[in-house]
Structure formats: structure tokens, C-alpha cells
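Asks: Line by line, the protein sequences give chains B and D. Each residue of the first sequence is one higher than the one before, counting from 1 in my numbering. Each residue of the second sequence is one higher than the one before, counting from 1001 in my numbering. The C-beta atom is built at its ideal place from N, Cα and C for all residues, glycine as well.
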Amino acid sequence: MSLPFRYPPFSIPTEFDALRREVREFLNEAAKNWSGWDLGHSWMAFNREFSREVGRRGWIGITWPKQYGGHERTALERYVVVEEMLAIGAPVGAHWVGDRQSGPLLLRIGSEAQKQRFLPGIAAGELAFCIGLSEPGAGSDLASIRSRAERVAGGWQLNGRKVWTTYAQHSDFMIGLFRSHGSPPLDVNKGTDKHKGLSQFLIDLKTPGIEVRPIRDLTGEAHFNEITFDDVFVPDDLLLGQEGEGWAQANAELAFERSGPDRYLSSFPLLAPTIDAVRADERSDLPATNDRLTARRIGEAVADIVTLREMSLSILGRLADGETPAQEAALTKDLGTTFEQRLPEMVREIREQLPVRDDSQALSAMHVFLTETTPTFSLRGGTREIMRGIIARGLGLR
Amino acid sequence: MNAINTEMEVGELLAEQLARLFSERVTHQALTRVEQGAFDQVLWGDIEQLGVVGALTPELAGGAGLNWTQCAAIFQTLGEHAAPIPLAEAMLATWALGRAGIEADTTRLTVSSAIFEIDTNGKLHGADSLLPWAAHAQSVVAIAKAGDDYRLCLFLIADAEINSLQTIARLPSSQLIARGVTPQINVPAPNIFGPLGLQPALATARATALAGTLARMLELTIEYANTRSQFGKTIGRFQAIQHLIAEFAELTAAAQVAAAFACRQFDRGVDASERGAAVAKIRAGQSATRAAMIAHQVFGAIGFTDEHILHFYSRRLWQWRSEAGSEHWWAEWLGQQTLAAGGDALWSGITG
């Protein structure tokens, strides 16, 4: 017997060091305008102005063909740009979904007209996308969605509700998953295949009949939305890919979504200011921290981040070779989100970090936002329990 | 890329030969004999025949001249089989000597991760509180400090005081005290060694073996969960058990990746190797602690018996996580380095 996961080593070639330096310099300058609260948001911060600047510099749609506004560079260069952005906590939310998911999906299965219409806008940082998957009755059990698309003259009519859609209130388009034929079985044991009959649509969020309601969350802000579709017309040419193949189309993206730097760097921006704060504490007259414990916790965090980055790079190398390492992606995501959740607690463990948002101190505001956001890390992109189910099946537990 | 693959294969080929040998010889009975104090002379003879002792040793010193990346599979195999022989120790000893241009005339060698001292008369002093396999080795290879310089030394165990220790792994280990020993070999330490001496090398070998042990225990655990039946179904069908074992797989994967990373760092110089050893020993040590608990939880009472083989693996996890610096010792070391460098150097230190 052998184990169903492997992580061949992969390193980013030194020829991309210049790109890394360029991105880092740009971000160090831009970061002077960002508060600790902003930095804590990272890919949860929607900032169109910043996305336009990133687009202008050619760092969105890096790998896409030039004819669609892309830059025909490698996936490794994209990785360099993305990890630099996330390591510092840059507000990439306005182009995040388009660059990571919607653009690549359009490139793979979109029609020529769709590619020409949408990709240049995404690459310019002008066109923001969101993803409509979850519904009130379909979360982890995504395939049981009930929102429907019905055939009408010249297109489709959408009815139903989507929920937990990040930044729908600011976005221009949604790629939404709807049931275009069949129905979800009331009893999963009855044998009907709920994965069939789903289709993806490109939906202009300004279409009449769409109501977007932001949902205020635990942080006091509204990141998610509930979107109601009431006889919303979508023309034929905005069906994405094949009718009825939406489930497979939506799933093919998940290995990308689950192994990227966004799955272990969410709270990483905390670590550098924490290190500097510990150094400052030690120089001050504050009661001495337990030096040995502090060093140990920081050493553990560095070991985790180095290991997670190695895992993520290995998956990057295999994806670049055309493989789909789904097991490795699930393993890495669960380890990564566990690390992300531990980091804000580590800060509390090694110094007196009060539960106070002091906007004059970057670490304070960042720590408050990230502490409040930690529950989402093991929910978004497939919950911890879903990941462990995928891993267990891969291991052959039956 | 092809050249690298071919090189990797040499190490993997040796590891496969070792694995075949171990599958045949490393039985419950053989493990028990060694844990009772016997040395498996026959197995050691076969290992000498394979030429694996000199795998890491430069060709000029009579070795195979493989690098650490290539030898990772060998260290991992030692862990996968809980092999009761001092192969890692002998490999590291002949490697260290070989890098100083010296060909060892015996394989009965062990390495110390302690730093000794050489006085102005050339006598060696110091202690190692946990020296593996001293009871069956003729000599120890260690790094010693002489003034501001580091020296690579070899001295006879018979010239030092050794007190045998009862360890969790029950493999022969001793406390060694050297009081004015005249080293047989005393040469400038090759530039692959820094102020931590041989500790990063032994830590990396142990972390890699831990990753191997974890992989084997994970396989055994999956097999057991798919066989053992309770409440009318195999326990592997219970979601609570599935999630425990999924976590085990995560811990194993992380240890494997961290160990492979450390081995690669050894081929990049002293600073990289120290940092790599820290990452690997921290990650593998943490994984070992939690994974041992999961394995025993899934196996239930049968896994706690002497008759079952599980304990040979779990006791090695508990032994090796502490040898050559525990995960806590290395975390402190890495944390101090990180704190000294400051927040600005954090990310650039990770991306290299």
C-alpha cells in the first residue's frame, strides 16, 4: 500500500526575482496609505483604485493571452505577484475573484465573444466578478441548489436566491450556478443525480429583477450578500460552457482555489509587526515577556509558514504540469487554515494584546479584525469537515 | 531536470534495497532482541555489503558521493521500518570525516550532536547527555571548539566514560563524558559545519526518519480502520475516525515536506542547513506528538500491547522527536534568529 499524496519539491526560478523586487517595492510604497484594519482585510478588502493600478502594471491576468488583455507570462510569475500581495496584506479584493477564478474559467470554457467581452476588463482591474454558489438550503451540500434557470425566447429566466456571495454589492458580474433541468432529490438515497442539470451563467448584476442585500457580519462590516433573482433575463450568449455541465465546470477550479497562498497567508501580515512589538516590549520598562516561550512560538510559526509554502509551491509545480493534485490541495488547505487561525491567538499568548482597536497602531487594529475573522478561514472554500471527508476518501477509508 | 532525476534514483535505489532487507529481517522478534541489548551483527554486515554507509561520503574518501537530497529516501526508510541499527549515525560520521578528506577505517562509528572543547594541550573535554549507539561503536565523531576555531574530531569511546541509559525507544544510548581525551583525529572543521556542529545534520536525519515512521503508522492505521469492525461496520466508516485519520495524513504530509526541505537546504551551505534542520525538527516533532496519539486512539487497546508492532513505531516517535534538539529547542533557536533579524526581514527570509 502507498499513500495517495506526494509533494515533489518545486522552487520558483531565480529569473523571477526581479519581478518579486518590483512588486515588493511598489507594495512597500503603497502600504504607507493602509491602516492596520485595511491590512488585516487583504483579499477581503475591495479597493477599485488599487486594482486599477495593479492592472495598469500588468499584474492581473498575467498568464492570459495578450489578445484578451493578458500578459502571456507564466503561472509562476502570477504566484510571485500574488504571494507578495498577500504577505503584506494588500487590498486585492476587487480583482481577486476575476484573476483567480472567473478569468481562468472564461479562458477555459468561455465562448470567443465572452472572452473578448470580459477578460480585458478584468485584466485592467476595471471589471469585478463574484461567484454565486451557496444558497440558503445549499452550503456544504452545494449540489442541492434550487435556484432555477428556465428556457425562454432568446435566453434564460433566473429565479431563486444566492447567499454568502462575497462583494456582490460592489461587483459588476456574477458567475452563478443554477439548475437548468431536473430537480434536487428530496432524499439523497433515492438515486437521482443532483449533480446533473446545473449550468453556469454570466449575470450582469444591474439586470432588472436582481436585488442585492448586503449582510452585516460579526465584524460590523458587510462582506457577504444575499441576492434575490426575480424573473431575471439572461441572454443565450451569456450561458457559460455547456448547459447541464455546471457542476463539473465549477469543481475543476477547486484545486486552484484550495492550494494558493490565500489559504495560509490570511493572518501572516500580523507576524512582522508582532516581531517588532516584542522587540520594542523588551526594550521598554514593561514587565518582561517570557522570552523563551515567545521565541518558541515565533519559531513554530516560521516553521509552519515555510512548510506550508513548500507544500503550496509543490502543488503549483504540478498544476503547471497539467496535473490536478486534489488530495494535496485538500491536505494543504486544512493545514493552512489551521495555521491562519492559530496566529492571532499566538500574538495574545506572547504579549499583552488587548481586545481594543487602536487605529493609531497597525498591530492592534489588524489583530482585532483578524481575531474576529478567524472563524471564516475554515469555512470558506470548503469547510474543514468537507476537506477531511475528501482526504479520508482519498486514503481509502470506507 | 533529467540529470537531477537520475541522481535522485541512485538514492532511491539504495533505499529500496534497504527496504527489502528490512522487510525480511526487522521482525517483532528482531526488534525485541536489539531492545534487550543485542547488536544485530548479521543485519549490519548486510548493510555494509550494500555500500549504503558511505552513501553521503565524498567519493575521494571512499563513499558514493550522493548529496542530502538523494539520501533523504535512505533516512526515511530507516524510520519506515524502525530499523534497529546505527546506520544514520555511521552515515553522518563517515560523511563528516569524508568532507575533511579522511576515509574512515571502520563503520562502527557514531556521531555526537554536542560541541566539545579542545584545550591548549590538544585534549578533548565535554559531555553528551544522549549519545545514540555508543555501546556498539568504537569511536565518536564530533565537533569541538578550540579557542575561536572549530575542529572535527574522532575519539575512542573506550577513552571516555560512558553510562548506558534507559530510553523510550530502548535502543542503546549512553551519556558520554570526556575528560582530557586525546582525539585520534583532530583537524579543522570543514566549512559545512557552523556553531551548532553536527546537531543540524543529526536533527535532519531524525526528522526525515520521523516522516518515514509517520507514513508507515498512517498506512497501518488506515489498514486497521478498514478491517476492525464494531457496531456492524468497519470503524473507518465512522466520520469521527475518518476525520482523525485525515488529520494524521495532514501531519504526515507536513513532516514529509519539511524533512525534504531540510535535506535540500543541506546542499546549500551552513546557514541554510541550520534553518532547514530547525523547520524540519519543529514540524516533524509536532506531527509526531499528535500523530502518535491518533494512531493509538484508532487502534484502541490492542495497539497498546507488547505483542502488537505499533509500539515500536510510537516509541521511536517519542524518542526521535527529542534527539538532536527537540521541536521546542529548535523553535526557540529559530524564534531567536527571527526576532534578531526583525520584522522587515521576515518575509524576505522566507522567500529566500
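#1: Here's the rule I'm using: 16 or more other beta-carbon atoms within 10 Å means buried, otherwise exposed. How should N1121(D) be labelled?
#2: Could you give the DSSP three-state label for L239(B): helix, strand or coil?
#3: A1100(D) and P1200(D) - do their beta-carbons sit closer together than 9 Å?
#4: Checking contacts by CB at 9 Å: is Q1336(D) closer than that to chain B?
#5: Mind listing which residues of the segment 1270-1300 of chain D have their C-beta closer than 7 Å to chain B's C-betas, in chain order?
#6: How many Å lie between F1039(D) and A330(B) at the Cα?
#7: Any beta carbon of chain B sitting closer than 9 Å to that of R1268(D)?
#8: Between which two residues does the beta strand (DSSP E) containing W156(B) stretch?
#9: Determine the direct distance from the alpha carbon of S312(B) to that of W34(B), and round the result to whole angstroms.
#10: Does DSSP put F1231(D) in a helix, in a strand, or in coil?
#11: In chain order, what residues of the same chain have a beta carbon less than 8 Å from the beta carbon of D1344(D), not counting five sequence neighbours either side?
#12: Is it right to say I423(B) is buried, meaning 16 or more other beta carbons lie within 10 angstroms of its own, or is it exposed?
#13: What residues in the segment 37-66 of chain B bring their beta carbon closer than 7 Å to a beta carbon of chain D?
#14: 9 Å is my cut-off, CB to CB: does M1001(D) come that close to chain B?
#15: What's the call for I298(B), buried or exposed, on a 16-neighbour Cβ count within 10 Å?
#16: Return the residue from the list L105(B), W37(B), P120(B) and T228(B) that minimises the CA-CA distance to H71(B).
#17: Please report the distance separating the alpha-carbon of T1351(D) from that of L316(B).
#18: Per DSSP, which residues does M174(B) bridge with? Please list them.
#19: What residues in the segment 1246-1261 of chain D bring their beta carbon closer than 8 Å to a beta carbon of chain B?
#20: If you reduce the DSSP assignment to three classes, tell me which class L19(B) lands in.
#21: Here's the rule: buried if 16 or more other CB atoms are within 10 angstroms of the residue's CB, otherwise exposed. What is P287(B)?
#22: Within the continuous beta strand (DSSP E) that includes Y1150(D), where are the two ends?
#23: Please report the Cβ distance between Y7(B) and A1292(D), rounded to the nearest whole angstrom; I am assuming they are in contact, meaning their Cβ atoms lie under 8 Å.
#24: For Q1175(D), which three-state DSSP category applies?
#25: Could you tell me which chain D residues have their CB closer than 7 Å to the CB of D141(B), listed as they occur along the chain?
#26: Which residues in the same chain have their Cβ closer than 7 Å to the Cβ of A301(B), if we skip the five residues on either side of it in sequence?
#27: Cα-Cα, which of N159(B), L142(B), A30(B) and T371(B) is closest to A149(B)?
#28: Which parts of the segment 1038-1102 of chain D are runs of the alpha helix (DSSP H), unbroken and 4 residues or longer, counting only runs that do not cross its ends?
#29: Kindly list the residues whose CB is nearer than 6 Å to the CB of G125(B), restricted to its own chain and excluding five residues on each side of it in sequence; keep chain order.
#30: If distances are taken between C-alpha atoms only, which option among G1342(D), G1045(D) and D1119(D) comes closest to T274(B)?
#31: Between which residues of its own chain and M370(B) is the CB-CB distance below 7 Å, once the five residues before and five after are set aside?
#32: So with Cβ pairs under 9 Å, would you call Q1036(D) a contact of chain B?
#33: From N1186(D) to I1143(D), what does the alpha carbon distance come to, in whole angstroms?
#34: Taking Cβ-Cβ distances shorter than 7 Å, what residues in chain B pair up with L953(D)?
#35: Do L395(B) and L1310(D) have their beta-carbon atoms positioned less than 9 Å apart in this structure?
Replies: Reading off the structure:
#1: Residue environment analysis places N1121(D) among the exposed positions, since fewer than 16 neighbouring C-beta atoms fall within 10 angstroms of its C-beta.
#2: Residue state for L239(B) is assigned as strand, using DSSP reduced to three classes.
#3: With contacts defined as CB atoms closer than 9 Å, P1200(D) and A1100(D) fail to qualify as a contacting pair.
#4: By this cut-off, Q1336(D) is an interface position.
#5: For the segment 1270-1300 of chain D, the residues whose beta carbon sits under 7 Å from a beta carbon of chain B are, in order, A1278, V1279, I1282 and R1283.
#6: Rounded to the nearest whole angstrom, the CA to CA distance from F1039(D) to A330(B) is 44 Å.
#7: At a cut-off of 9 Å between beta-carbon atoms, R1268(D) makes no contact with chain B.
#8: Segment G155 to V163, the beta strand (DSSP E) holding W156(B).
#9: Each residue's alpha carbon lies about 27 Å from the other.
#10: F1231(D): coil per DSSP, three-state reduction.
#11: Excluding residues within five positions, none has a Cβ falling inside 8 Å.
#12: Residue 423(B) cannot be examined here, being either before or after the span of chain B that is shown, 1 to 398.
#13: Result list empty, no residue passes.
#14: Below a pLDDT of 50, predicted positions are generally treated as unreliable, and M1001(D), at 39, falls in that range; the measurement from the model is reported next regardless. Residue-level contact by beta carbon fails for M1001(D) and chain B, as no gap is shorter than 9 Å.
#15: By the C-beta density criterion, I298(B) is buried, having at least 16 other C-beta atoms within 10 angstroms.
#16: Of the listed residues, the one whose Cα sits closest to H71(B) is P120(B).
#17: Distance between the alpha carbons of T1351(D) and L316(B) is about 15 Å.
#18: Note: M174(B) sits in a beta bridge opposite C130(B) and I203(B).
#19: Using a CB distance below 8 Å, the part of the segment 1246-1261 of chain D facing chain B consists of A1246, E1247, A1249, E1250, T1252, A1253, A1254, Q1256, V1257, A1258, A1260 and F1261, ordered along the chain.
#20: Note: L19(B) maps to helix in three-state DSSP.
#21: In this predicted model, P287(B) has a pLDDT of only 49, less than 50, meaning its place in the structure is not dependable enough to derive any value.
#22: Taken as a continuous stretch (DSSP letters only), the beta strand (DSSP E) holding Y1150(D) covers D1149 to L1156.
#23: Cβ-Cβ separation between Y7(B) and A1292(D): approximately 22 Å, too far for a contact (criterion under 8 Å).
#24: Residue state, collapsed to three classes: strand.
#25: Going along chain D, no residue has its Cβ under 7 Å from D141(B), so there is no contact; the nearest lies around 15 Å.
#26: L271, L343 and M346.
#27: A check of alpha carbon separations from A149(B) across N159(B), L142(B), A30(B) and T371(B) identifies N159(B) as the nearest.
#28: You should have 1041-1050, 1068-1080 and 1087-1099.
#29: Correct list, in chain order: S51, R52, V54, G55, I60 and H95.
#30: Looking only at G1342(D), G1045(D) and D1119(D), the smallest Cα-Cα distance to T274(B) is reached by G1342(D).
#31: In the sequence on display, residue 370(B) carries Leu and not Met. For L370(B), where only same-chain residues beyond five positions count, the Cβ hits under 7 Å are G40, S267, L270 and P344.
#32: Taking 9 Å as the CB threshold, Q1036(D) stays off the interface with chain B.
#33: Each residue's Cα considered, the two are about 9 Å apart.
#34: Not covered by the structure: residue 953(D). The range shown for chain D is 1001 to 1352.
#35: Note that the C-beta distance between L1310(D) and L395(B) is not below 9 Å.
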